[in-house]
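With our numbering, letter number 749 in the sequence shown gets 729, and the count goes up by one each step, no holes.
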Amino acid sequence: MAKNLLIVESPAKAKTINKYLGKDFIVLASYGHVRDLVPKEGAVDPERDFAMRYDLIEKNEKHVEAIAKAAKAADAIFLATDPDREGEAISWHVAEILRERGLLDGKPLQRVVFTEITPRAIKEAIAAPRDIAAPLVDAQQARRALDYLVGFNLSPVLWRKVQRGLSAGRVQSPALRMIVEREEEIEAFRAREYWSIEAECQHPSQAFSARLVKLDGAKFEQFTITDGETAEAARQRLVSAAGGALQVTDVTSKQRKRRPAPPFTTSTLQQEAARKLGFTTKRTMQVAQKLYEGVALGDEGTVGLISYMRTDSVALSQDAVAEMRDVIARDYGTGAVPDQPNVYKSKSKNAQEAHEAVRPTSALRTPAQVSRFLEDDARRLYELIWKRAVASQMVPATLNTVSVELAAGSEHAFRVSGTTVIDPGFLAVYEEGKDARAKEDEDEGRKLPPMKPGDRIPLDRIHADQHFTEPPPRYSEASLVKALEEYGIGRPSTYASIIATLLFRKYVELESRRFHPTDVGRAVSKFLSSHFTQYVDYDFTARLEDELDAVSRGEEAWVPLMERFWQPFHELVEDKKESLDKVDAGSIRVLGADPASGREVSARIGKYGPLVQMGTVEDEEKPKFASLQPGQSIYSITLEQALELFKMPRLLGEHNGEEVSVGIGRFGPFAKRGSTYASLKKEDDPYKIDLERAVFLIEEKEEIARNRIIKQWDGSDIQVLNGRFGPYISNGQLNGKIPKDREPASLTLEEVTKLLEETGKPARGRFGKKAAAKKAPAKKAAVKKAATRKAPAKKAAKKATKKTAAKKTAKKAVKKASA
-19 MAKNLLIVES PAKAKTINKY LGKDFIVLAS YGHVRDLVPK EGAVDPERDF AMRYDLIEKN
41 EKHVEAIAKA AKAADAIFLA TDPDREGEAI SWHVAEILRE RGLLDGKPLQ RVVFTEITPR
101 AIKEAIAAPR DIAAPLVDAQ QARRALDYLV GFNLSPVLWR KVQRGLSAGR VQSPALRMIV
161 EREEEIEAFR AREYWSIEAE CQHPSQAFSA RLVKLDGAKF EQFTITDGET AEAARQRLVS
221 AAGGALQVTD VTSKQRKRRP APPFTTSTLQ QEAARKLGFT TKRTMQVAQK LYEGVALGDE
281 GTVGLISYMR TDSVALSQDA VAEMRDVIAR DYGTGAVPDQ PNVYKSKSKN AQEAHEAVRP
341 TSALRTPAQV SRFLEDDARR LYELIWKRAV ASQMVPATLN TVSVELAAGS EHAFRVSGTT
401 VIDPGFLAVY EEGKDARAKE DEDEGRKLPP MKPGDRIPLD RIHADQHFTE PPPRYSEASL
461 VKALEEYGIG RPSTYASIIA TLLFRKYVEL ESRRFHPTDV GRAVSKFLSS HFTQYVDYDF
521 TARLEDELDA VSRGEEAWVP LMERFWQPFH ELVEDKKESL DKVDAGSIRV LGADPASGRE
581 VSARIGKYGP LVQMGTVEDE EKPKFASLQP GQSIYSITLE QALELFKMPR LLGEHNGEEV
641 SVGIGRFGPF AKRGSTYASL KKEDDPYKID LERAVFLIEE KEEIARNRII KQWDGSDIQV
701 LNGRFGPYIS NGQLNGKIPK DREPASLTLE EVTKLLEETG KPARGRFGKK AAAKKAPAKK
761 AAVKKAATRK APAKKAAKKA TKKTAAKKTA KKAVKKASA
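1. Go ahead and label Gly611 buried or exposed: buried means 16 or more other beta carbons lie within 10 angstroms of its beta carbon, across all protein chains shown.
2. Quick one: give me the first and last residue of the alpha helix (DSSP H) that Arg162 is part of.
3. Are Asn715 and Lys741 touching if we call contact CB-CB under 8 Å?
4. What does the Cβ neighbour count give for Gly224, buried or exposed, with the cut at 16 atoms within 10 Å?
5. Suppose only complete runs of 3+ residues qualify. What are the beta strand (DSSP E) ranges in the stretch 15 to 63, listed by chain order?
6. Return the CA-CA distance between Arg33 and Ile57, expressed in angstroms with no decimal places.
7. Where Ile308 and Thr346 are concerned, what is the direct C-alpha to C-alpha distance, given to the nearest angstrom?
8. Put Arg359 into one of helix, strand or coil per three-state DSSP.
9. Let me check one thing: in DSSP terms, what residues is Arg688 bridge-paired to?
10. On the DSSP letters alone, give me the boundaries of the beta strand (DSSP E) that His392 sits inside.
11. Check whether the Cβ atoms of Pro404 and Arg238 lie closer than 8 Å to each other.
12. Residues in its own chain within less than 7 Å of Pro629 by CB, not counting five upstream and five downstream?
13. From Ile806 to Thr400, what does the alpha carbon distance come to, in whole angstroms?
14. Looking at C-beta atoms only, is the number of pairs between the stretch 188 to 208 and the stretch 469 to 479 that lie closer than 8 Å three or more?
15. Go ahead and pull the three-state DSSP assignment for Gly645.
16. Report the rounded CA-to-CA distance for Lys49 versus Tyr515, giving the unit in angstroms.
17. Which residue from Val592, Gln121, Arg172, Gly695 puts its Cα closest to that of Thr206?
18. Per the contact definition of three or more C-beta pairs closer than 8 Å, is the stretch 310 to 330 in contact with the stretch 381 to 400?
19. Based on Cα-Cα distance, which residue from Val539, Glu580, Leu277 lies nearest to Val350?
20. Below 8 Å, can you find three or more Cβ-Cβ pairs linking the stretch 726 to 739 to the stretch 704 to 713?
21. Start and end of the beta strand (DSSP E) containing Ala187?
22. Less than 8 Å between C-beta atoms, sequence neighbours within five positions excluded: which residues of the same chain meet that for Ala187?
23. What did DSSP end up calling Pro243 once you bin it into helix, strand or coil?
24. In angstroms with no decimal places, state the Cα-to-Cα distance between Glu252 and Tyr455.
25. Count Cβ pairs between the stretch 569 to 584 and the stretch 592 to 603 that sit closer than 8 Å; are there 3 or more?
26. For the beta strand (DSSP E) that contains Asp440, what are its first and last residues?
27. Which residues does DSSP list as the beta-bridge partners of Asp230?
28. Buried or exposed: where does Ala348 fall if 16 or more other Cβ atoms within 10 Å of its Cβ makes it buried?
29. Give me the Cα-Cα distance between Ser342 and Ala300, rounded to the nearest whole angstrom.
30. Closest to Gln873 by CA distance: which of Ile70, Arg144, Arg100, His635 is it?
31. List in chain order: all unbroken beta strand (DSSP E) runs of 3+ residues lying wholly within the stretch 630 to 685.
32. Going by DSSP, name the residue or residues bridged to Thr739.
33. Between the C-alpha atoms of Thr291 and Ser532, what's the straight-line distance to the nearest angstrom?
34. Would you give the residue range spanned by the beta strand (DSSP E) that Gly801 belongs to?
35. In the DSSP assignment, what are the bridge partners of His496?
36. Would you say Val500 lies against chain C (beta-carbon separation less than 8 Å)?
As structure tokens, this is what we get:
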């Protein structure tokens, strides 16, 4: 057994590092966090200095046991989890587990940190160990406790006032507020008309267009002309004044330097990968993780290609800079290397995240050299990171901007500008995405013909164009991450999870790569903004993040921070619980009255989502409800549109002696005959579908159901079925495979019973979750019972499965509430 045990987070990282350290080390992975708060109320106790009750994470128990076994035999233990507060906390949890089991007695336990997975970095880290950093652990525990307390206290309030199953997150809620407020800005926006005027010039060497900047002796601005009649009159005056040519009155030329952007932080990497590669934040981080953990490079072996990707630092090590300068001189000439290295400073006050920017572990490994070893996503992201880092150490680009004024008579003037690159400098390697560049670079690439004052430039035509102002754009992943960073909400490791959580909870949807809040998301945000204003306030959230950073730096104790947060928060929650029945959730919108009955029509969030309601609970007649159609929102639906929804269900006629109708249910529009329901296709409009089409869909559904069963046996639950991926065997609890050389319809009961014993796996339930797997002996017995008994065995098994599933669902619901 190896003398030294080194513990990392991921198996891929463990595999790479194991090759570097040799036979004196055994490297094991924790597979992320090993413990978490127990999934029940009271896991954080404010009455006992916020004492936290932890439990092993079920899926990682076997990995913890492997670590414990190896620790027992090891002479020394090294904790080498990631170099941020989450990584520090994982190391602390592992140490606590080993200490509680008495496996650290007389053994050195040390923390080692590295920001890249290369032989040099690993060996240097092992040679310079340290103790676990208590401030980093405290900061992570405080963050986890805050998130837990917010989730467990706010979520039940949302359940009672908005909809069951909702949850509120400390950091996600302000992010949701951003998206909702942008949507409200768009809805409140009123477009304004304006007109621009341009001259198309025919210079002998090159045609170009110039925009109007002076009209009738006054500066021409965006809203100088706001209607077509005025625009046409102005155009005619300009044509008349120009007389077929514009005269050059002024030419200015100005050179300027454009500095390269700093190397990537987590935020800027996510933004640029979204702009240039079309990656989501989640995809960017997954690919970056693989590049960091190690890639097999042929004879060179497995090597980490980039430094740690969760960072808000723009600093580079001296060794990395020196290597980059060598590569620049070799590939782009010594003139591309600045006299002194370019130095960048982070705007963040937080010093605890990773110690360097995201960079290649060796600039000598060019994208061209490693591309054949990488999958497409990894190749593209590595090239982006390599180019950005190398370009950051190059000389500025030299640009020349020429601006030309052209007169049309004495009262009117046009202007055209062009920017050309005199010396590309860093632009030879990398240029930021267009929407990240300064406005002064908008004319870059436009080269103007030579002109001097006094020249007359032939005029082809002058045209006026109508425009309308546009609302602010919805957030993309890139712009949302940028906004979160600017507001100080969240930290590098949290941006991707914030977005993933909002999407998972269906508070927002991504359409054309832009965030649209759902009705439920808007209702949650509106409710929290109205009644828990401080806790979705951007400044408050940012200040709390700063305080957590102060804890991570050892400048502040975490328990007083928790007390300052908890007392007012707890009092507010309790106050809202008491006054809950009097509090309006903010998600009910009265649309008007039904002309036929005079009853109030409103739009609101119901048990199963957005709906419209006719009548109130105070009326003698019960209220009527109707679900919204796709694309409809309770915040924009009109009374007329709502009244159309109440026309459902529609009776289409009779077929085979049964009524055929169409309606809209929880899962969308459907056609119904007798007990058969068939979902309408995307192209079917429930308000226009006819009897013939509805009958076709119903009989298609019945035909599929008839053909699903290939073979069954009296007195047995086992069936041979047609499935989505081909024929299979099932008894309702277990699904089994059919050999490829067997005809499904020819199988006997004895054969399917044996196949189910040998290949059976737990069947997935209605919502795609596996039923609890049984132990081997029980599995065999269940198959045999199913082969001879039908209803009793099926009911008992169903009941047991439901009970197990219910426990798991409850456990997950508790975890979700604390998220």
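Every residue gets a Cβ at the ideal spot worked out from N, C-alpha and C, and that includes glycine.
So, from the listed chains and residues:
1. For the purposes of this step, residue 611 is identified with residue 631 of the sequence shown, where counting begins at 1. Classification of Gly611: exposed, given that the 10 Å Cβ count is below 16.
2. Walking along the sequence shown from the start, residue 162 turns up at place 182. DSSP places Arg162 in the uninterrupted alpha helix (DSSP H) bounded by 152 to 168.
3. Position 735 of the sequence shown, counted from the start, is the residue given in the question as residue 715. Position 761 of the sequence shown, counted from the start, is the residue given in the question as residue 741. Their beta carbons are under 8 Å apart, which means Asn715 touches Lys741 by this criterion.
4. In the sequence shown, counting from the first residue as 1, residue 224 sits at position 244. Exposed is the label assigned to Gly224, since fewer than 16 other Cβ atoms lie within 10 Å of its Cβ.
5. Qualifying beta strand (DSSP E) stretches, in chain order: 15 to 17, 34 to 36, 56 to 59.
6. Residue mapping note: residue 33 aligns to position 53 of the sequence shown, counting from 1. Residue mapping note: residue 57 aligns to position 77 of the sequence shown, counting from 1. Each residue's alpha carbon lies about 25 Å from the other.
7. On the sequence shown, position 328 is the one that residue 308 refers to. On the sequence shown, position 366 is the one that residue 346 refers to. Those two C-alpha atoms are separated by around 11 Å.
8. Here residue 359 refers to the residue found at position 379 of the sequence shown. Helix, per DSSP.
9. For the purposes of this step, residue 688 is taken as residue 708 along the sequence shown, with counting starting at 1. Beta-bridge annotation (DSSP): Arg688 is not paired with any residue.
10. Working through the sequence shown from its first residue, we reach residue 392 at position 412. Taken as a continuous stretch (DSSP letters only), the beta strand (DSSP E) holding His392 covers 392 to 403.
11. As a first step, residue 404 must be located in the sequence shown, where it is residue number 424. As a first step, residue 238 must be located in the sequence shown, where it is residue number 258. Not closer than 8 Å, so no.
12. Position 649 of the sequence shown, counted from the first residue, corresponds to residue 629. Beyond the five residues adjoining it in sequence on each side, Pro629 comes within less than 7 Å, by CB distance, of Ser641, Val642, Gly643 in the same chain, given in chain order.
13. Residue 806 is absent from the structure shown; the chain starts at -19 and stops at 799.
14. No contact exists between the stretch 188 to 208 and the stretch 469 to 479.
15. Along the sequence shown, read from residue 1 onward, the residue named residue 645 stands at position 665. If DSSP states are grouped into helix, strand and coil, Gly645 belongs with the strands.
16. Here residue 49 is taken as the residue at index 69 of the sequence shown, counted from 1. Here residue 515 is taken as the residue at index 535 of the sequence shown, counted from 1. Within the model, the alpha-carbon separation for Lys49 versus Tyr515 is close to 45 Å.
17. Residue mapping note: residue 206 aligns to position 226 of the sequence shown, counting from 1. Looking only at Val592, Gln121, Arg172, Gly695, the smallest Cα-Cα distance to Thr206 is reached by Arg172.
18. Touching, no.
19. As a first step, residue 350 is located in the sequence shown; it is residue number 370 there, counting from the start. Put simply, of Val539, Glu580, Leu277 the residue whose alpha carbon is nearest the alpha carbon of Val350 is Leu277.
20. Flag = yes, the stretch 726 to 739 and the stretch 704 to 713 touch.
21. One-based indexing of the sequence shown puts residue 187 at position 207. 187 to 195 is the span of the beta strand (DSSP E), which, as asked, contains Ala187.
22. Counted from its first residue, the sequence shown places residue 187 at position 207. Taking C-beta separations shorter than 8 Å and ignoring five residues to either side along the sequence, the partners of Ala187 in its chain run Glu180, Cys181, Asp440, following chain order.
23. Along the sequence shown, one-based indexing puts residue 243 at 263. Coil, per DSSP.
24. Your numbering for residue 252 matches position 272 in the sequence shown. Your numbering for residue 455 matches position 475 in the sequence shown. Approximately 15 Å between the Cα atoms of the pair.
25. They touch, by the three-pair rule.
26. Position 460 of the sequence shown, counted from the start, is the residue given in the question as residue 440. In this chain, the beta strand (DSSP E) harbouring Asp440 covers 436 to 448.
27. Indexing the sequence shown from 1 puts residue 230 at position 250. DSSP lists Glu385 as partners of Asp230.
28. The sequence position of residue 348 within the sequence shown is 368, counting from 1. By the C-beta density criterion, Ala348 is exposed, having fewer than 16 other C-beta atoms within 10 angstroms.
29. Sequence index remark: in the sequence shown, residue 342 carries index 362 (1-based). Sequence index remark: in the sequence shown, residue 300 carries index 320 (1-based). Between Ser342 and Ala300, the alpha-carbon positions lie close to 7 Å from each other.
30. Outside the shown range of the chain (-19 to 799) lies residue 873, about which nothing can therefore be said.
31. Secondary structure in the stretch 630 to 685: the beta strand (DSSP E) runs of 3 residues or longer, each lying completely within the stretch, are 630 to 635, 638 to 645, 648 to 653, 656 to 659 in chain order.
32. Taking the sequence shown and counting its residues from 1, the one referred to as residue 739 is at position 759. Looking at the DSSP output, Thr739 sits in no beta bridge, so it has no partner there.
33. In the sequence shown, residue 291 corresponds to position 311, counting from 1. In the sequence shown, residue 532 corresponds to position 552, counting from 1. Taking the straight line joining both Cα atoms gives about 15 Å.
34. As displayed, the chain neither begins before -19 nor continues past 799, which places residue 801 out of reach and without an answer.
35. The sequence position of residue 496 within the sequence shown is 516, counting from 1. Within the DSSP secondary-structure output, His496 pairs in a beta bridge with Glu489.
36. Of the protein chains in the structure, only one exists, and it is not chain C.
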